[in-house]
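Inspection log for the structure reproduced underneath, given as structure tokens.
Residue numbers (the numbering used here): 61 to 248.
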């Protein structure tokens, strides 16, 4: 299916009223990132809920997944890639490799929280580099779309979040946020 390999850039998908507070809160906790540039799960669960709800309500996300009743893997990911930190770079991959707990189709929505240019890096697919991007833009990737993170060769940190959305017809063996009820669900 085409949804599995989709790669779309959506300008201004997340409004500043949502991404700016996330950026401020994450910057205050940047000392807690691990050696791969990832924020702790508790930080992600506390700070990313408004963005998950905003993105999950977006008509394009609902149209791609064929449902308005969406779920979001919980907690989503938040990353900080410092200049020159090659440990935080991810090689070319499909998200199914790291998300085998989602048993069916899903999309990843990657949101930069800072401006992305060629020096700051960002994402690339097998066919193109996805830059420039502005904070609040979105890159939507089908679960089978090959992509990689680019090295950060700028003099500033690259902060981003990525969310995995799926319809309620898809099963997950890990926690997820039911965007309809607002409840975090533990798998059975």
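We treat Cβ as the ideally placed atom computed from N, Cα and C, and that holds for glycine.
All figures in this text were calculated on a predicted structure; none of them were measured in a lab.
Just to confirm, is the Cβ distance from residue i to residue j under 8 Å?
i: residue 202; j: residue 65; result: yes
i: residue 195; j: residue 172; result: yes
i: residue 97; j: residue 135; result: no
i: residue 104; j: residue 137; result: yes
i: residue 184; j: residue 160; result: no
i: residue 127; j: residue 227; result: yes
i: residue 220; j: residue 139; result: yes
i: residue 239; j: residue 116; result: yes
i: residue 99; j: residue 86; result: yes
Can you give the Cα-Cα distance for residue i and residue j, rounded to whole angstroms?
i: residue 177; j: residue 193; result: 7 Å
i: residue 241; j: residue 122; result: 16 Å
i: residue 157; j: residue 141; result: 21 Å
i: residue 199; j: residue 90; result: 23 Å
i: residue 218; j: residue 197; result: 14 Å
i: residue 245; j: residue 114; result: 19 Å
i: residue 75; j: residue 111; result: 9 Å
i: residue 243; j: residue 237; result: 6 Å
i: residue 125; j: residue 69; result: 16 Å
i: residue 204; j: residue 231; result: 17 Å
i: residue 191; j: residue 174; result: 12 Å
i: residue 168; j: residue 224; result: 4 Å
i: residue 94; j: residue 147; result: 10 Å
i: residue 222; j: residue 170; result: 4 Å
i: residue 79; j: residue 166; result: 23 Å
i: residue 229; j: residue 150; result: 29 Å
i: residue 129; j: residue 213; result: 40 Å
i: residue 71; j: residue 84; result: 21 Å
i: residue 145; j: residue 235; result: 30 Å
i: residue 92; j: residue 143; result: 17 Å
Does the Cβ of residue i lie closer than 7 Å to at least one heavy atom of the ligand ADP?
i: residue 185; result: Among the ligands in the structure shown, none appear at all, so the ligand ADP cannot be discussed.
Have a look at the options and flag the residue whose alpha-carbon is nearest the alpha-carbon of residue i.
i: residue 82; options: 106, 94, 73 and 69; result: 106
i: residue 206; options: 153, 191 and 145; result: 153
i: residue 233; options: 99, 211, 132 and 175; result: 132
i: residue 180; options: 116, 215, 86 and 72; result: 215
i: residue 73; options: 118, 143 and 88; result: 118
i: residue 120; options: 235, 189, 210 and 67; result: 67
Does any C-beta atom of chain B lie closer than 8 Å to the C-beta of residue i?
i: residue 225; result: Reference to chain B is not applicable here, since this structure consists of a single protein chain.
Completely contained beta strand (DSSP E) runs for the region 99-139, where each covers 3 or more residues
130-133
Contiguous beta strand (DSSP E) assignments of at least 3 residues, all confined to the region 136-201:
137-141, 167-172 and 183-185
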